[in-house]
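Q: Handing you a structure now.
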Amino acid sequence: MRIDLVTIIVDDYDRAIAFFTGALGFELAEDSPSLTNDGRPKRWVVVRPPGGGTGVLLARADGERQRAAVGDQAAGRVGFFLRVDDFEAARARMTTAGVEFVTAPRTEPYGRVAVFLDVAGNRWDLLGPA
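Here our numbering is used: position 1 in the sequence shown is -15, and no number is missing along the way.
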């Protein structure tokens, strides 16, 4: 058993794909036409870290309730965690790519950490070895 996908609600598929593949270095695993439960067109967009098992389903907001959740999926808390082998190199690459870090790097018992925002405004921890 494994978690295959988690959903991030976004306001635009293409901007989200560009962020995850460009700024974070994820791979575009799938981008297929699909339909909502009531038959309207949408896209099935999945990105994954290179070699990663769990993917991120990028779901365009549909309706006011979902639009209100864009950027606030974890109610202002860090809701997503990206672990890397080389923290400083990943942080430097992401900063150069325009990723906004909202905390300075610090060392915790579980390793190096800095909080950044994704394209929608959700908070992520970038995690690396201590």
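C-beta: ideal position from N, C-alpha, C; glycine also.
These figures come from a predicted structure and were not determined experimentally.
To the nearest angstrom, how far is it from the Cα of residue 69 to the Cα of residue 40?
A: As a first step, residue 69 is located in the sequence shown; it is residue number 85 there, counting from the start. As a first step, residue 40 is located in the sequence shown; it is residue number 56 there, counting from the start. Each residue's alpha carbon lies about 20 Å from the other.
Q: Among residues of its own chain, excluding the 5 on either side of residue 18, which ones have a beta-carbon nearer than 7 Å to its beta-carbon?
A: In the sequence shown, residue 18 corresponds to position 34, counting from 1. If we look at residue 18 and ignore the five residues flanking it on each side, its Cβ neighbours are 26, 27, 28.
Q: With C-beta atoms as the reference, is residue 55 less than 8 Å away from residue 106?
A: Walking along the sequence shown from the start, residue 55 turns up at place 71. Walking along the sequence shown from the start, residue 106 turns up at place 122. The answer is yes: Cβ separation under 8 Å.
Q: I'd like the list of long-range same chain contacts for residue 95, defined as Cβ closer than 6 Å, with 5 residues on each side in sequence excluded.
A: Here residue 95 is taken as the residue at index 111 of the sequence shown, counted from 1. Answer for residue 95: 111, 112, 113, 114, listed in chain order.
Q: For residue -13, which of helix, strand or coil comes out of DSSP?
A: For the purposes of this step, residue -13 is taken as the residue at position 3 of the sequence shown. The answer is coil: DSSP assigns residue -13 none of H, G, I, E or B.
Q: Return the CA-CA distance between residue 4 and residue 47, expressed in angstroms with no decimal places.
A: Walking along the sequence shown from the start, residue 4 turns up at place 20. Walking along the sequence shown from the start, residue 47 turns up at place 63. For residue 4 and residue 47, the distance between alpha carbons rounds to 23 Å.
Q: Quick one: using the 10 Å Cβ neighbour count with 16 as the cut-off for buried, is residue 42 buried or exposed?
A: For the purposes of this step, residue 42 is taken as the residue at position 58 of the sequence shown. It is buried - the Cβ of residue 42 has at least 16 other Cβ atoms within 10 Å.
Q: Is the distance from the Cβ of residue 85 to the Cβ of residue 79 below 8 Å?
A: If you number the sequence shown from 1, residue 85 lands on position 101. If you number the sequence shown from 1, residue 79 lands on position 95. It is a contact, given that the beta carbons lie within the stated cut-off.
Q: Leaving out five residues before and five after residue 6 in sequence, what residues of the same chain have Cβ atoms less than 7 Å from its Cβ?
A: The residue labelled residue 6 in the question sits at position 22 within the sequence shown. Contacts found: 81.
Q: Just to confirm the assignment, what range does the beta strand (DSSP E) spanning residue 90 have?
A: Along the sequence shown, one-based indexing puts residue 90 at 106. Taken as a continuous stretch (DSSP letters only), the beta strand (DSSP E) holding residue 90 covers 90 to 92.
Q: Relative to the C-alpha of residue 50, which candidate in 75, -7, 14, 1 has its C-alpha closest?
A: As a first step, residue 50 is located in the sequence shown; it is residue number 66 there, counting from the start. Among 75, -7, 14, 1, the Cα nearest to that of residue 50 belongs to -7.
Q: Skipping 5 residues on each side, what residues in its chain have a beta carbon closer than 6 Å to that of residue 67?
A: Position 83 of the sequence shown, counting from 1, holds the residue named residue 67. Hits under 6 Å: 111.
Q: Are the beta-carbon atoms belonging to residue -10 and residue 10 less than 8 Å from one another?
A: In the sequence shown, counting from the first residue as 1, residue -10 sits at position 6. In the sequence shown, counting from the first residue as 1, residue 10 sits at position 26. Not in contact: residue -10 and residue 10 (Cβ atoms no closer than 8 Å).
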